[in-house]
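First residue of the sequence shown? That's 1 in UniProt numbering, and the numbers climb one at a time after it.
To keep things clear, I will list the structure first and then write my remarks on it.
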Amino acid sequence: PPSQPDCGIEGETVIGNNIQLTCKSSEGSPDPQYSWKSYDTLNQERPLVPPVTDQTVFLKNISTDTSGYYICTASNEVGTASCNITVAVRLPSMNVALYAGIAGGVVAALIIIGVIVYCCCCREDDKTEVKDTERPNRAAYQEPPEQLKELSRDREEEEDDYRHQDQRSSGHESPEPSQ
């Protein structure tokens with residue numbers, strides 16, 4: 001009888017891809033003949049189009065309808081042996097999510113770097129402004145302008161007049177501390 005065949009899938013089982021199902025017995029005399037059967041995910045038999053009588057089944061532009069079980073049978077005059085392949089076709093969206101995550105990470109990193117660079121540049125500008133204002137021009141504070149001196153003298157005279165009037169009206173020459 002033929003030896004237990006080795007079954008395999010070549011290609012990615014992603015919607016829209018092409019895959020090959022392979023089946024090969026390493027021993028068997030006379031050489032075995034191969035046949036394939038296909039079952040859907042509900043275990044209902046379905047025809048393979050076109051019918052396959054070779055070691056390889058080509059499935060083109062696969063979809064979720066391609067998912068199911070494929071049985072390869074190797075047979076000769078002495079006996080039969082078979083192997084089972086499970087095909088689970090998946091959506092390509094997993095790849096899209098991966099690329100979207102990478103792109104989002106790159107954008108976030110660029111924003112963070114931009115904020116850091118902006119802060120560093122602004123800080124340099126702020127430091128130069130602070131240095132200009134840290135030590136004010138002392139000459140400007142040494143002598144008040146003449147107009148302020150006159151206002152200050154006028155105010156002192158008014159306060160003196162007010163104090164003298166207050167002392168005369170109370171009858172005391174010097175203010176006493178209140179108790």
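We treat Cβ as the ideally placed atom computed from N, Cα and C, and that holds for glycine.
- Here the C-alpha atom of Thr22 lies approximately 23 Å from the C-alpha atom of Pro92.
- Judged by their CB atoms, Ser3 and Ala81 are nearer to each other than the 9 Å cut-off.
- The residue among Arg90, Cys119 and Ala97 with its C-alpha nearest the C-alpha of Thr13 is Arg90.
- According to the DSSP assignment, Gly79 belongs to no beta strand (DSSP E), since it is labelled neither H nor E.
- DSSP, read as helix, strand or coil, puts Thr53 in coil.
- Secondary structure of Gly104 (DSSP, three-state): helix.
- DSSP, reduced to helix, strand and coil, places Asp6 within a strand of the structure shown.
- Val117 sits in a helix when the DSSP states are folded into three classes.
- Between the stretch 36 to 43 and the stretch 94 to 112, the count of Cβ pairs shorter than 8 Å is below three; the stretches do not touch.
- The closest CA to that of Leu42, considering only Ser63, Ser67 and Val49, is found on Ser67.
- Taking the Cα of Asp40 as reference, the smallest distance to any Cα among Ala74, Thr64 and Asp6 is reached at Thr64.
- With respect to the C-alpha of Glu27, the residue from Asn76, Cys72, Leu48 and Thr53 having the closest C-alpha is Asn76.
- For the pair Pro47 and Tyr70, the Cα-to-Cα distance works out to about 11 Å.
- Contact between Pro1 and Gly79 holds, with the beta-carbon distance rounding to 3 Å and staying under 8 Å.
- Boundaries for Gln44: no beta strand (DSSP E) harbours it, and the DSSP string shows neither H nor E there.
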